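Written below as C-alpha cells is the structure these notes are about.
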Amino acid sequence: MSEKILEHIGKGYDRKEAQEKVTGQAVYVHDMEVPGMLYAKVLLSPFAHAEIVSIDYSEAEKLKGVKAVVTGKEACQRVGLYMVDKNIMAGKKVRYQGEIVSAVVAESEAVAEEAVTLIKVEYKELPIVHNLDEALEAKVLVHENLHTYEHMKGVFFPKKDSNIASWNRTKKGDIKKGFEEADFIFEDEFSVPAVAHVPMETHVTIAQADPYSDKIKIWSSAQSPFAVRQLLAKSMGIAKGNVNVIVPYVGGGFGGKAGVHLEPLVSVLSKAVHGLPVKLKMTREEEFNILPTRAGMRARFKTGMTKEGKITAMEVYHDWDSGAYADYGVNVGKTAVYSGAGPYAVPNIELHSRTIYTNKVFSTAYRGFGHLETHWAVERHMDIMAQKLNIDPYELRMKNLLRPGDTTISGELIYPTTGDPVACLNAVKNELKWTGRKSQEDRKREMETGKVRGQGFAMLQKAPAMPSYTSTSAIMQMDEDGHVKVMLGAVDFGQGANTIMAQVAAEELRVPMKDVEVVWNVETDKHPYDWNTVASKYTFMGGNAVRKAARNMVQQMKEVAGQVLRCHTDELTHGDGYIYHVHQTHRRISYVKLSMGYAYENGNGIGGPLISHGVYMASGLSNPDPETGQGRPGLVWTFGAHGVDLEVDVETGEVNILKIVSAFDIGKVINKKLVDGQVYGGIVQGVGSALIEGYKFDGEAKLLNPYFGDNRIPSSKDIPDEVKAIYIEEPKTAQVDGPYGARGIGEHPMISVPSAIGNALYEALEINFHRLPLTPENVALAIDKHYNNDESK
Amino acid sequence: MLSKFDYVKPKTVEEAVAFLENNPGTRVLAGGTDLIVLLRRNLLITDHILDIKGIEGLHRLDYKEGKGLYIGAAVLVNEISEAPMIQDKYRALSQAAGSLASHQLRNRATLVGNICNASPGADLSTPLLVYNAVVHIEGPEGKRELGIEDFFTGVKKTALKKGEIVTGVSLPDVQEGDSSYYKKQARVKGHDLATVGISIRRTSEQETLMGMAAIAPTPIRLRELEKKLKNRDFNEETANWLKEEIKNHVKPISDVRASLEYRFLVSGALAKKIMMTLMEEGVK
C-alpha cells in the first residue's frame, strides 16, 4: 500500500457534530442549569474615567432574594496573561464606560437585575483620554503605575509615565541608507475603528468555588480551557490542579473568548455565596459594552522606492488603540514586528508597534490578530505607490513579494516550503481577468450611468502569534470493538477542529470515519493539555499530535501482533481493521482482538488496552530581539491574496461586491467543506470590517452603539454575489512539517478583504480611502467632495 | 427587565378604552417589536400592558372599490407587504412594508404600531403620507379621525390623547394611472433602520405627493416642493433639478446612524432615482 494514497485526507466530510447541532441537542453553557444555581448581574460604570469615591449597596442587600453583593474591594485580584494590568472588577477607579464596578448574586436574574439598580456609587470624574493623540501626549494617564505591572519580560515593553503598554520595534538594515537609495519617498496614514466579535453565543460562565478548599469548577463558553485554568489559578493564587474548566459546545468565539474573561469574577461571586454555583451571562448590550473588542488602529507608512518600483526602505508606526486594558492587546501589537509590512522583501526597515491605553472599552484577540489592520494599511499603501509610480499594482507587488532565499522583516529565512505568495497573486489575477487600470474615458462614461465598476486586489500573510514554546497533545484509546476515542485539549467552537482531527486519526489508523470519535466537552481534569485554541495553528499542531498518537497506537498493535504472528514489526502493515504481514496477507490479527490486549487460545494474554498519546511542540522558534525584533516567531506562514470586483453607486455611495476571488497557499486541504466554511465566513466578516462595522463613542467616551440596532454586522444580503476560493496544493511549496503538507486557514480569509475593496474603490472612483469602514455614507461624502465640490471651485 | 406589569387582553375596543382610561400609563401592545426593546433596556417602566390582538375587528384588512384600503391596528406588516391588491394599488406602501426590519419581525410588527411609535424614521409613515391616510382613533370621548400629517407631533410623539387608541388606518381609493414608489437608504443591504426613507406618488392628474422620514423630527410631507413640481413633467432634467432642490426642503440632523451631510446627499439621490424609475415606467 502506497503512503501517497490518502483515504480520508482531502474528503469533504460533514462535521461530526452537525446532527447534534441542527437537531438542537447540543448543549451550550447558555442552556445549562446546575443544581442550586444562583444568578448574577453586574453594574457598569457610566463614566469613562473616574475615581470610585464610595459604593453603598445596603439597599441592594435588603432586597428579597439577594444573596451577596460584591465590589472591587472583594474582587481585587489581578488578572492577565501577557500584561497583567486589570483587576477582576474596577478597584479605585474606572477606566472605561462599561467597566464592571459591582455585582449582585440572587435567586433569579430578575432580582439580581433589580438589586443592581439599588447600588449607589459616588464617582469623581477624571479627565478622559479619548484617542491615540491624547494618549501619546500623556497629560492624563490611564494607568499611573504601568511600569510596575507584571508582564512577559523582554517580549513586552511598557513605558513609565506614559500610556504605552508596550513599544515593540523592528530594526533591519539601515533605513537612512535605504531612503538615500530611493528615487521616491511616499507617506500615507490609515486607520481602522474598534469592532466587535459578535459571537452568536455571548460570554457566559458558571462557577462553583468550594468554600472549604481551593477547588473551583468552571463551565464556560471559552476557546481555551487550559488558558482559563492557568490564568484563573494565577489570579486566585491557587494550584492549577484545583481548577477544573469544562467547555461544552461553544457558539462562536472569533478570538473574543481566548484568554480569560468572566471566569475569575464568577469564581469570586460563588465564594461570596459559600460555594453555590453562580451563573453570569452577558446580554448582547453587555457583550458590546463590557467585553473586549478588536483594537482601533492607526498606521503611518513612509516608504522609499526606486523608480522601477523596488522597495528600498520603510519606516512604519502602528499605533493600537487598545482601550483601558492591554493584556491580549500587547500581543496583537507584537505581531506587527514580524508581519506588519506585508509579504514583501524589505531590505531596510524600522517599524514601531505601540499598544496604547485610552479610556475606552478594551481590546483583545480577534480573528486575524492585527493582520486585517496592518494589511489594510500595507496593501492600500502599495496600491497608492503604484498609482504614483504609474506602475500596474500587480507588477509592483510582483517586484517585491517574498521569494525563497529572502528574509522577512524579522530576519526569518523564506524556504521553498514556507509557501508561495506569488502563486496566490497570479491565481487571483487570472481569475479576476485583471488587464490593468481602466482608462479615464471608460471611468467617465460609467460615472454618467450612476454606477461604476472597479477591480482591486491585495496580499495577505499570517503566522500564529503565540509563545515560542507553545505545545499541544492528544490521547487516543481503542474500545473493545475497534472504535477509537480521541481526547484533545483544544476546543472546536465552530471551526471544525474535531472533524479534521478525526480525519487525521482515521487516515493513520486506516479505519472508517465512523470508527473515530473526538470527545467533546473538553475538561481540564481529564483532557490532555493544549495551550490555547487560537492562531489558526490547530490543524498544524493538533494534526501533528494526533498523527503521532495514531502512529504510536499502530506501533503498539504491531508489537503485539509481531509476537503472535512470529515476525518482526517491520514486516507488518495495517488496514481494513487488521495488522497483517505485508506479503503473506492471511497472517493477520484484527484490531478488535488487539484492543484490550491479545488472548491466546489457551488463555494467555499479552499486550494490554490500546492507549496512545502524541504531542507537538513548536519547533525552532525564538523571541524577537528586544531592540531589533529579529528572531523566528513564525511557526507556519500561510500566504494568500484576494481580488475584488465591485460596483459602486456614485449617488448613494453603496458598494455592491459582485465577486471576491481568494487564493491561499494552504499546502493541503484536509476537508474542503470545512475550509470553504472558514473562507466564506471569513470573507463575509472581512466585508463587515470593510463596509459596515465600527464602535462609535461620544465626547465623554461613552459607547454610542452598544446594541445591534446601531452596531451593524453583515446580513445575508451583504454577502458578495459570488465567492471563488482557490486552494494551492502544490507539493513543492506545501508545509513539509505539517500534517500531509497542511497549513492554517482559520483567520486568513478575513485579512485584506478591506484592502482589496479599498483598492477596487480607487479603481472605480480614483479616490483613495484611508479610513474604515467604507460605509455608503463615507463613500458618498468622499465622492461628493472629490467630484462635485472640487468641480465647482 | 425591571418592569413588573399586568397583562390584559381585552376582546373589544370599548373594554380596551375603559381600561386605558382607568389605568393611566398603560402601554398598548400590538406586535411589541418596539415595546419589548424598551422594556428590556429598562428605558420604559410600566404597570400595565394592554394587548390589542384579541380584538377581532382590529385584524381587518380590506380594499373596497371607491372607498379604498382599510388596515386594522392588529394587521401585520407582512400581511401588508404580501397583499397583491396593495402591491397593485399602493405600491409604495407595499415596498415600505417589505423593507421594514426582517421577515421574522414583520410577522410580529404592525403598521399601526409603527406609526404609534412615531419614530422620525418610521418606515411605513411616508407611503401613508403620500396617500393622505386617515388615522381612526377611539377614546373615552368616542371616535375621531385625523389626517396622518397631523398625527405625528414630535419625536416619538403623536396626537393621541389619554385613553385613546388607534383602531386602524384608511387610505382613499386611487385612480387608474396613479403610481408611487418607495426607497430607503440603510447602512447594510439586509434589514436595517432607515437613514432616509422617501415615497413619491404621481396621481393620474399629474399631481405629485412626497413623504420623507428620518430628515426632520417627524415624518413629513414636502408640500412646498410638491407645489414646485406641479407644472413640471417627470423627465431627466426634472429629476436632476429635484436632486438638488430637495435639499432646501429637508431639515436633517446628525446622529449615530448618519451625518446631516449624508442625509442631504442621499435625500437627493433617492428622490432622483424614484423619479427616474417612475419615468421609465411611463409616468409623465
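Chains as they are written, first to last, in the numbering used here: chain A, 1 to 793; chain B, 1001 to 1284. Don't be surprised by glycine CBs; every beta carbon is placed ideally from N, CA and C. Bear in mind the structure is a predicted one, so any value in this text is a computation, not a measurement.
Can you find the residues in the same chain that come closer than 8 Å, C-beta to C-beta, to residue i, ignoring five residues on each side of it along the sequence?
i, result
"G482(A)", "V511, D515, G577, S590, Y591, V592 and S595"
"A239(A)", "D214 and A233"
"N705(A)", "F288, Y695, K696 and N711"
"A194(A)", "T293, R294, A295, G296, D321, G323, K360, V361, S363, G694 and Y695"
"M1(A)", "Bear in mind that a pLDDT of 38 at M1(A), under 50, signals an unreliable position, so the model cannot answer this."
"K451(A)", "E647, V648, D649 and V650"
Would you kindly work out how many angstroms separate the C-alpha atoms of residue i and residue j, rounded to a whole number?
i, j, result
"E285(A)", "E1082(B)", "33 Å"
"E722(A)", "E747(A)", "20 Å"
"I1137(B)", "A1030(B)", "15 Å"
"H613(A)", "R588(A)", "25 Å"
"L1039(B)", "R1027(B)", "11 Å"
"E350(A)", "M314(A)", "6 Å"
"V1283(B)", "T449(A)", "21 Å"
"D1178(B)", "T117(A)", "55 Å"
"F1264(B)", "G496(A)", "47 Å"
"K1227(B)", "A1092(B)", "21 Å"
"N390(A)", "L1260(B)", "37 Å"
"K1011(B)", "D1150(B)", "29 Å"
"N168(A)", "Y82(A)", "14 Å"
"T283(A)", "V34(A)", "20 Å"
"S792(A)", "E777(A)", "Note that S792(A) scores 43 on pLDDT, short of 50, meaning its location in the model is unreliable; the coordinates nonetheless yield the value given after this. The straight-line gap from Cα to Cα measures roughly 21 Å."
"A490(A)", "F156(A)", "26 Å"
What is the DSSP secondary structure of residue i, reduced to helix, strand or coil?
i, result
"A427(A)", "helix"
"E122(A)", "strand"
"I1052(B)", "helix"
"K793(A)", "Unreliable placement is indicated for K793(A), whose pLDDT of 39 sits below 50; no coordinate value is reported for it."
"G1154(B)", "strand"
"P264(A)", "helix"
"E1205(B)", "coil"
"L1265(B)", "helix"
"D1255(B)", "coil"
"Q1104(B)", "helix"
"F226(A)", "helix"
"M1(A)", "Residue placement at M1(A) cannot be trusted, given a pLDDT of 38 that sits under 50; what the coordinates show is reported in the next sentence. Reduced to three states, the DSSP call for M1(A) is coil."
"T418(A)", "helix"
"V29(A)", "helix"
"F1019(B)", "helix"
"V42(A)", "strand"
Considering only residues of the same chain and omitting the five flanking positions on each side of residue i, which have a CB-CB separation below 6 Å?
i, result
"A506(A)", "H8, M513 and V516"
"M37(A)", "P277 and K279"
"L1124(B)", "A1096, L1111 and N1114"
"I767(A)", "A782 and H786"
Quickly, what does DSSP pair residue i with across the bridge? List them, please.
i, result
"P809(A)", "Beyond the ends of chain A as shown, which are 1 and 793, falls residue 809(A); an answer cannot be given."
"A320(A)", "Reading the sequence as shown, one finds Trp at residue 320(A) and not Ala. The partner list for W320(A) (beta bridge, DSSP) reads M297(A) and T355(A)."
"I1045(B)", "Answer by DSSP bridge pairing: none, since I1045(B) is not bridged."
"N244(A)", "K217(A)"
"K462(A)", "T638(A)"
"N87(A)", "R78(A)"
"T303(A)", "F186(A) and M314(A)"
"I713(A)", "None, per the DSSP bridge assignment."
"K1143(B)", "E1138(B)"
Cutting at 7 Å between CB atoms, please list the residues of its own chain near residue i, excluding the five before and the five after it.
i, result
"I1045(B)", "L1002 and S1003"
"A138(A)", "D161, S162 and N163"
"E150(A)", "V84"
"E1021(B)", "P1140 and G1163"
Using only the heavy atoms of the ligand SAH, determine whether one of them is closer than 8 Å to the beta carbon of residue i.
i, result
"L425(A)", "No copy of the ligand SAH occurs in the structure displayed, which carries no ligand at all."
Going residue by residue through the region 646-707 of chain A, where are the continuous alpha helix (DSSP H) segments of at least 4 residues, counting only ones entirely within it?
672-687
Runs of 3 residues minimum, wholly inside the region 728-790 of chain A: which ones carry the beta strand (DSSP E) assignment?
none
Quick check on the DSSP output: what are the complete beta strand (DSSP E) runs of length 3 or more inside the region 130-211 of chain A, in order along the chain?
164-172, 184-192 and 204-209
Beta strand (DSSP E) segments (min. 3 residues) lying fully within the region 357-394 of chain A:
none
What are the start and end residues of each continuous beta strand (DSSP E) run of 3 or more residues lying completely inside the region 511-575 of chain A, in chain order?
516-518 and 572-575
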